[in-house]
Amino acid sequence: MKTLVIISLVFLSFNLFATDNDKIKAVKQTTMHGTITDKSTGETLAGVAVSIPGLNKTVYTDFYGNFKVEGIVPGNYQVKVSYISYKEDIISDVKIDGNNGNNVSVQMEPKK
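Residues 411 to 522, numbered by our numbering, are exactly what the sequence shown covers, in order.
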């Protein structure tokens with residue numbers, strides 16, 4: 411009987427440690443959004459690739475030039491935008507914080 415109680419306590423303590431580790435692993439994720447426009451005309455650009463190379467995430471702008479990247483852990487990232495016949499743009503040190511107000515808007519220049 412005494413052995414059964416000791417074994418039960420050992421298993422309960424393992425469950426407590428596992429629960430604490432799960433809480434530590436739960437990191438708040440957030441969203442980055444923005445609009446891509448033509449620098450000279452101000453028109454929005456549809457189909458622009460917006461990527462975060464460090465996270466292997468790529469999305470494309472909608473018909474109105476808007477994009478949304480979900481599931482980002484807060485931190486500093488590099489954002490790359492590329493589009494046919496426009497100069498590729500790399501924005502360094504984009505700070506993504508814990509709230510959803512992470513707006514990154516880019517004006518792209520046409521290639522000459």
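Backbone N, C-alpha and C define an ideal beta-carbon position, used for all residues, glycine too.
{"query": "Rounded separation between G444 and K521 - CA only", "result": "22 Å"}
{"query": "Buried versus exposed, by CB contacts within 10 Å (16 or more), N512", "result": "buried"}
{"query": "One or two residues paired with A459 in a DSSP bridge", "result": "Y470 and S492"}
{"query": "Residue from L465, I494 and Y493 with nearest C-alpha to G481", "result": "L465"}
{"query": "F473 classed as buried or exposed, judged by whether at least 16 other C-beta atoms fall within 10 angstroms", "result": "exposed"}
{"query": "CA nearest to the CA of F477, picked from S515, K449, I500 and V437", "result": "S515"}
{"query": "Closest by C-alpha distance to V489, when choosing among D507, V437 and A459", "result": "A459"}
{"query": "Buried or exposed by the 16-neighbour rule on C-beta atoms within 10 Å, applied to G508", "result": "exposed"}
{"query": "Three-state secondary structure assigned by DSSP to G444", "result": "strand"}
{"query": "Environment of G475 [buried if 16+ CB atoms lie within 10 Å]", "result": "buried"}
{"query": "Coarse secondary structure for G481, derived from DSSP in three states", "result": "strand"}
{"query": "Reference G485; option with closest CA among I506, Y493 and Y470", "result": "I506"}
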